[in-house]
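Chains as they are written, first to last, in the numbering used here: chain S, 454 to 764; chain C, 92 to 657. Built from N, CA and C at the ideal position, the CB exists for glycine as well. Being a predicted model, the structure only gives us computed values, none of them experimental. Right, one structure below, let's go through it.
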Amino acid sequence: MTPRDALPVEAAASTEERPSRAPLWRAFLRPMPLAAGIVVVLSLLSALLAPQLSALSGNDPFTYHPDALGPDTSPTGFFGGVSTDHWFGVEPGTGRDLFSLVIYGARVSLLVGIASTVLATIIGVVLGIVAGAVGGIVEKLVDFATDVTLGFPFLIFAIALSALFPLEAPRALLLTVVIGMFGWPGIARVVAAETRVIVRQPYVVASRVMGARFGHVFRHQVLPNVASTVIVFSCISLPSRISAEATLSFLGVGVLPPTPSWGRSIGDAISWLLVDPAFLLFPAAALFLVTFSFNVLGDTLRDALDPRGAR
Amino acid sequence: MSTPDELLVLHDLQVAIAGRGIVSGLDLSVHAGRITALVGESGSGKSMTALATIGLQPRGAHVRGSAQLDGEELVGRSALEMRRIRSGRIGMIFQEPGQSLSPVMKVSTGFRHVLAVREGIRSRPRALARARELLVSVGLPDPDRTAASYPHELSGGELQRVVIALALSGDPSLLIADEPTTALDVTVQRGILDLLVRIVRDRQIGVLLITHDMGVVGEIADEVVVLKDGEAVETGPVRQVLAAPVAPYSQALLAAVPRLAESLERAHDVRGGAARSVDAERTDVAVAEAPDAEDSATATSEPPVVRVEELSVEYHRRSGSHLALDRVGLEIRRGEIHGLVGESGSGKSTWGKALAGLVPAQARTLELDGVDPRTLGATQRRAAYAKVGLVFQDPASSLNPRRTVGWSIGEPLQLAGGTSGTQIDQRVRRALEIVRLPASYVGRLPHELSGGQRQRVSIARALILEPALLIADEPTSALDVTIQAHVIEVLRDAIEATRFACVFISHDLAVVGSLADHVTVLRAGRAVEQGTAREVLGNPQHEYTRALLASVPDPERRLHGGGAAA
C-alpha cells in the first residue's frame, strides 16, 4: 500500500548515538550540594573514626578534667575553655572534652537516624505497594493504620515507652525501633499513591494478562519504578529522624549517660546558657549542619532525578 | 513586501533552543479569509512556530527573523506589547479541549474573565449576553445550558466549540488552531472543520492551521506549508501540493495516509488469492451466530480461535449501572483480523478487555481456542489467558520504563517459566527480527526509542509466546502517519508469518479497512453492523456506518469534487 522506501526511514534512529543523559553526580558539583556533601562525609567519618579523631586532640569523652574548671565548675579560659588541649572547650560541671563529645555524638545521631530511616522505609514501601497494588480491603486497612499512626502522640508514647524499658536494654536499638515505627506512614502514603498509578499502566496490565503474579509485579514492575521516589523521600526524611533522636535525648529519654549525644549535650547546655554559651554552640551547630546538609542533598537528588527538572 | 490582504507574514523565522535549531528559516503567509495549513510530523517544529509567532515560546528559546501581523513586526516585542496584541487580535485553539478550560470554573465564568480582558466588558449581564452570542455563533444549540456547565459536563466536541468561541472573543483577525481536531472522534471532527470553514468565510479572518493530518488539510486548507525538521520542504496552494506534490517528503506523507478506497481495493485483491470466501456474507449482528455456508466449510477444518456470543459487560457505579457492551458476538479464525470500529465510548476497548479477561463479562459463549476460561481454575485460566497478546495505544506507557527492551519482550517467557536464559535471549532476538528492529536494541531502555519503535517492541512482546489471539487496542493512533504505515506493515507481516487471530480496535475506519478481514461497527455498546471489511466499508447498510464513512477526512475529496477550494 505504501511505498516504504520513500518513507523517512524511522529505523535510521538506530544508527544515531544513544541519547545520553547528564550523569547524576553532576548535579552534586554545584557549591551548595558540594558543601553539604562534604559535611555529610565528615560527619560519617567522625562517627566511624570517633576514637581516632578524639585521640588526635589527646582526649576522650569520658575523662573528667577538673583542672579545666573554675571554682563554680564553669570552664576557665576564653569561650568555654577553648585551648590547644580542648579544641571546643570542656563541658561545664565535669570538664569532659567537648570536641570528643561532639565527635562521639555523631555516632548515636547518625546510627539511630539512618537505621530508623531504613526501618521506616522498608515498612512504608512494603505496606504502600501492597496497599496500592492489591487495593480493596487491604488498602483500607493500611490507610487506617496510617491514620492511626499519624494521629498518635509520638512524643508521649516514646517517653512512656522508654520509662517502661529496663535500663540495661540497648537504648540505641530502642530509639531506632520507636522512631522507625512512627516514621513509615509518610512514605507508605507516597508509595501507595505512585503504585496505584503504576499498576494501571498498560505494561503492568499486559504483564498481568500474560500471567504475572503479585510477586513478579511487585519486584519487576512496581519496585523499580518507585525506587527513585523512595530514595529521595528517605533522604529528605532522614534529618527529621536525626532531630527526633536529639529531641528524645534532650528530654532525657534518649541514650543514657555517659554515652555522648548531641541532644543531651544541648539539653545540659540550656542550664549553662548564660555562663557558658559555647557549650550550647558546638553540639547545636553540629546537629544543625548535619540535618541541613542531608536536607540539601535530598533536595538535590530529587531535582536531579525529576525528569521535569531538566531545564 | 506584504500585500494588502496578507494578514500574517513569517519571513525567515528561526527558533533555536540551547543552540539547536528547532525552526530554521520558515516563510509563510496567512491571508484574511483563508486557511493556511502548516503540516508536519511530531517534532517538525510546527507548534513551536506558532508559539514563537505570538511570543509564547518556551523560556530559553531564541527567535530570529520576522513575523508581521498586518505589517506590524512581532518578533522582538516586549512581553507587555505582545500581550496587548494577543488579547486583541489573535485567537488560539489548542489540541486537547479538556485541558483548555479550567476544570473548577463554569464556562460562563471563563467567558467573563476572558471578555474582561479581550473586550473590556466588566458588567456581569453584558458578559453573559456576549458569551451567549459567541456560543450561538459556534453552533452550540443551547448556549444557556453550556454557559452554566462545568467543563467535565460537556462532551469533547462541545468543549472544543467553547474554546473556539473563546478564541473568537474580541474579534481577532488571526486564529491559530493547533491540531484542533486531533483529540476528537471523526464525526465530531467533521463538525468542527465545517465550523472553522464557516467562521473563516463569515468573518474574513485568517487561520493558521497546524496539523499532522493530510486529510484535514485536504478538507479545509487553502494554502499548505509542509514542514520537516524545522524547514519548509514545500509551499503552495492546496490543490497543487495534494495533487502533484514535488518534495519527496510531501509525497511520502500523502502516501502514508490510509485511504478507504485503497483499502477496499486491497481487500478485493487479498480475497481473490486467499482461501476465504466473502461472497454475500453481508449480514448484521447475527453473523457470529449464523456463519454462512462457505465459511462453515472452512470452519470445519479449522475451528475458530475466538468464539463469543451474546457478550455483555456492565459497569457498576455508585449512580447505577452502565451497559458498556450489549449482547455482541464475534468469531475469529487463525490468520484473520477482526476490526472493531467505533467512536470513543462505544465499548470497543471494553470488548478487547473482556476478551483478555480484564473486565468481568457475561456471555452465552466465550471460547478461547475451544475452551471457556470461565470454567477453568485459577492456574489454568492464567495459562489460557497467556495465549492472548496485548498491544496498547500509548507507546509511552506500554513498556516498563525501568527495564530494557530485551527484558520486556522476554517477560512473557519468564512468566511462563521453563525457558532458560539463553533460549529467552534467542527468542527475543527472533521476535525483534519479526518486527524489524536490530538485535542490538535488547539493551536499550524505552525512553531511548521513538514512539513507533516502542510500539513495535510491544508487538514483539505480544508475539513472543506465539499467541493464539492478539488484541491490538488503537496501536497506531498515537503515532505519526508515516510511522503508522510502518507499524501496520509490521503487524500485517507478522500475522502472515505466524497466523494468529487478531482483534484490531480503532476509531479510524481507513486503518481498519487497510488491515481487517472482518469489521464490526460499534455504537454505544451495540454492534450496528458486522461483516467482511469489503462489505461493511464498501456497501454500508446502517446509517451510522455511512455517517462514519462520510466523516473520514480525505485529502483528495475536494480535488475530485472540485469543491470550495482555491
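Exercise. Roughly how many whole angstroms lie between the Cα atoms of residue 232(C) and residue 269(C)?
Worked result: The straight-line gap from Cα to Cα measures roughly 25 Å.
Exercise. When the Cβ atoms of the segment 123-143 of chain C are set against those of the segment 295-306 of chain C, are three or more pairs found closer than 8 Å?
Worked result: Because the criterion of three Cβ pairs below 8 Å is met, the segment 123-143 of chain C and the segment 295-306 of chain C touch.
Problem set entry | Extent of the continuous alpha helix (DSSP H) to which residue 746(S) belongs | Counted as a single uninterrupted DSSP element, the alpha helix (DSSP H) harbouring residue 746(S) occupies residues 730-758.
Exercise. In terms of alpha-carbon separation, which member of 466(C), 238(C), 209(C), 208(C) lies closest to residue 220(C)?
Worked result: Across the set 466(C), 238(C), 209(C), 208(C), the C-alpha of 238(C) shows the shortest separation from the C-alpha of residue 220(C).
For this session: Rank 617(C), 255(C), 309(C), 316(C) by C-alpha distance to the C-alpha of residue 648(C) and give the top, closest one.
Result: Comparing Cα positions, the closest option is 309(C).
Problem set entry | Interfacial residues, the segment 647-663 of chain S to chain C, with Cβ spacing under 7 Å | Listed in sequence order: 654, 655, 656, 658, 659, 660, 662, 663.
For this session: Examine the Cβ distances between the segment 510-520 of chain C and the segment 439-451 of chain C and report whether three or more of them are shorter than 8 Å.
Result: The segment 510-520 of chain C, when compared against the segment 439-451 of chain C, does not touch it at the 8 Å Cβ threshold.
For this session: Tell me, please, whether the CB atom of residue 646(C) is closer than 8 Å to any CB atom in chain S?
Result: So no, residue 646(C) is outside the interface.
Problem set entry | Boundaries of the alpha helix (DSSP H) in which residue 138(C) is found, first to last residue | Per DSSP, residue 138(C) belongs to the alpha helix (DSSP H) from 137-144.
Problem set entry | Proximal residues to residue 251(C) (C-beta, below 7 Å), its chain only, five neighbours per side dropped | Cβ neighbours of residue 251(C) beyond the five flanking positions: 188, 271, 275, 283.
Problem set entry | Residue from 315(C), 182(C), 423(C) whose Cα sits closest to the Cα of residue 593(C) | With distances taken between Cα atoms, residue 593(C) lies closest to 423(C).
For this session: List in chain order: all unbroken alpha helix (DSSP H) runs of 4+ residues lying wholly within the segment 496-536 of chain C.
Result: DSSP runs (the alpha helix (DSSP H)) wholly in the segment 496-536 of chain C: 496-507, 512-525.
Exercise. Apart from the five residues on each side of it in sequence, which residues of its chain come closer than 7 Å, Cβ to Cβ, to residue 319(C)?
Worked result: The residues are 131, 135, 340.
Problem set entry | residue 674(S): contacting residues in chain C (beta-carbon distance under 8 Å) | Counting only Cβ-Cβ distances below 8 Å, residue 674(S) has contacts in chain C at 491, in chain order.
Exercise. Applying a beta-carbon distance threshold of less than 7 Å, which residues of chain S neighbour residue 479(C)?
Worked result: Simply 662.
Exercise. Hey, quick one: how far does the alpha helix (DSSP H) through residue 319(C) stretch, first residue to last?
Worked result: Residue 319(C) -> not in any alpha helix (DSSP H); beta strand (DSSP E) instead, spanning 314-319.
Exercise. Taking one C-beta from the segment 408-427 of chain C and one from the segment 468-480 of chain C each time, how about it: are there three or more such pairs within less than 8 Å?
Worked result: Counting Cβ pairs under 8 Å, fewer than three are found: no touch.
Exercise. Any residues in the segment 449-479 of chain C with a beta carbon nearer than 8 Å to a beta carbon of chain S? Which ones, in chain order?
Worked result: Here the close residues are 449, 473, 474, 476, 477, 479.
Exercise. Which of the three DSSP states, helix, strand or coil, is assigned to residue 592(C)?
Worked result: It is a strand residue.
Exercise. Taking Cβ-Cβ distances shorter than 7 Å, what residues in chain C pair up with residue 757(S)?
Worked result: For residue 757(S), there are no neighbours in chain C by C-beta distance under 7 Å, as the nearest C-beta there is about 16 Å away.
Exercise. CA-CA distance, residue 388(C) and residue 396(C)?
Worked result: Bear in mind that the predicted position of residue 388(C) carries a pLDDT of just 42, short of 50, making it unreliable; the figure below should be weighed with that in mind. Residue 388(C) and residue 396(C) have their alpha carbons spaced roughly 16 Å apart.
For this session: Select from 499(C), 588(C), 327(C), 451(C) the residue whose C-alpha is nearest the C-alpha of residue 407(C).
Result: Minimum Cα-Cα distance from residue 407(C) among the listed residues 499(C), 588(C), 327(C), 451(C) corresponds to 451(C).
Exercise. In chain C, what lies closer than 9 Å to residue 669(S) by C-beta?
Worked result: Those are 502, 505, 506, listed as they occur along chain C.
Problem set entry | Whole-angstrom C-beta distance between residue 598(C) and residue 434(C), which should lie under 8 Å | Rounded, the Cβ-Cβ distance is 6 Å, consistent with contact.
For this session: Return the bridge partner residues of residue 183(C) from the DSSP annotation.
Result: For residue 183(C), which the question treats as bridged, DSSP gives the partners 267(C).
Problem set entry | beta strand (DSSP E) segment containing residue 120(C), residue limits | Run containing residue 120(C): 111-122, per the beta strand (DSSP E) assignment.
For this session: Kindly give me the distance between the Cβ atoms of residue 770(S) and residue 695(S), rounded to whole angstroms, as I take these residues to be in contact under 8 Å.
Result: Within the shown structure, residues of chain S are numbered from 454 to 764, placing residue 770(S) beyond reach of any answer.
Problem set entry | is_contact[residue 665(S), chain C] using C-beta, thresh 8 Å | Between residue 665(S) and chain C, the shortest Cβ-Cβ separation is below 8 Å.
Problem set entry | Cβ of residue 677(S) within 8 Å of any chain C Cβ | Answer yes: the Cβ-Cβ gap between residue 677(S) and chain C drops below 8 Å somewhere.
For this session: Measuring only between beta-carbons, confirm whether residue 252(C) sits less than 8 Å from chain S.
Result: So no, residue 252(C) is outside the interface.
Exercise. Mind checking whether residue 180(C) and residue 265(C) have CB atoms under 8 Å apart?
Worked result: The Cβ atoms of residue 180(C) and residue 265(C) lie closer than 8 Å to each other.
Exercise. Within 10 angstroms of its Cβ, does residue 537(S) collect 16 or more other Cβ (buried), or is it exposed?
Worked result: Under this definition residue 537(S) is an exposed residue.
Exercise. For residue 547(C) versus residue 581(C), is the C-beta distance shorter than 8 Å?
Worked result: Taking the C-beta atoms as reference points, residue 581(C) is found nearer than 8 Å to residue 547(C).
Exercise. Would you say residue 341(C) faces chain S, with C-beta separation under 8 Å as the test?
Worked result: Chain S, which has no Cβ nearer than 8 Å to the Cβ of residue 341(C), makes this no.
Exercise. What residues from chain S crowd round residue 435(C), counting only those whose CB sits closer than 9 Å?
Worked result: Correct list: empty, because the minimum Cβ distance to chain S is about 17 Å.
Problem set entry | Alpha-carbon to alpha-carbon, residue 349(C) and residue 607(C) | Take the alpha-carbon of residue 607(C) and the one of residue 349(C): they are about 13 Å apart.
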